[in-house]
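In full-length UniProt numbering, the protein residues as written are 1 to 118.
In this text, a Cβ means the ideal position worked out from N, Cα and C, and glycines have one as well.
All of these numbers come straight from a predicted model, not from anything done at the bench.
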């Protein structure tokens, strides 16, 4: 195929080929809560988890959010969050399947690591 023909083809975005996430099974939920720590809690009346992260100052909180935002873009999975000064409140749930999925667990594990690394 010629270079011109390759360049004229529409680009495909990587997220278009991602499989639709599925809800965690009961066994997967138990394992997930052991992995993500006691800091994450189940949201009442919703299939979601939440955690509040506390940092030294706004710069640390913003750095945490930046690192998480880069991962969120790569994963195509974005947290619900709220920031005031040095606190970041996060809720994770997968809208595509209507509740908790492996994406939420992966994001929670990564966020735990980012918070420890700051």
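Note down, in chain order, each residue of its chain lying with its Cβ closer than 7 Å to the Cβ of residue i, except the 5 sequence neighbours on either side.
i, result
"residue 104", "49, 92, 93 and 94"
"residue 36", "105, 108, 109 and 112"
Please go through the same chain and pick out, in chain order, the residues whose beta-carbon is closer than 6 Å to the beta-carbon of residue i, but skip the five residues on each side of it.
i, result
"residue 71", "110"
Tell me whether residue i is buried or exposed, calling it buried when 16 or more other Cβ atoms sit within 10 Å of its Cβ.
i, result
"residue 25", "exposed"
"residue 19", "exposed"
"residue 46", "exposed"
"residue 30", "exposed"
"residue 44", "exposed"
"residue 101", "buried"
"residue 61", "buried"
"residue 115", "buried"
"residue 32", "buried"
"residue 13", "Per-residue confidence for residue 13 stands at a pLDDT of 38, beneath the threshold of 50, marking its modelled position as unreliable; no derived number is given."
Can you list, in chain order, the residues of its chain whose CB lies under 8 Å from that of residue i, leaving out five sequence neighbours each side?
i, result
"residue 58", "85 and 86"
"residue 119", "Here the chain has residues from 1 to 118 only, and residue 119 is not among them."
"residue 41", "49, 50 and 51"
Which whole-angstrom value describes the C-beta separation of residue i and residue j, a residue pair presumed to lie in contact below a C-beta threshold of 8 Å?
i, j, result
"residue 51", "residue 39", "5 Å"
Which ranges would you report for the alpha helix (DSSP H) in the segment 16 to 47 if only whole runs of at least 4 residues count?
Taken in chain order, the whole alpha helix (DSSP H) runs of length 4 or more contained in the segment 16 to 47 are 26 to 36.
Just to confirm the assignment: which complete beta strand (DSSP E) runs, minimum length 3, are found wholly within the segment 53 to 118?
You should have 80 to 84 and 87 to 92.
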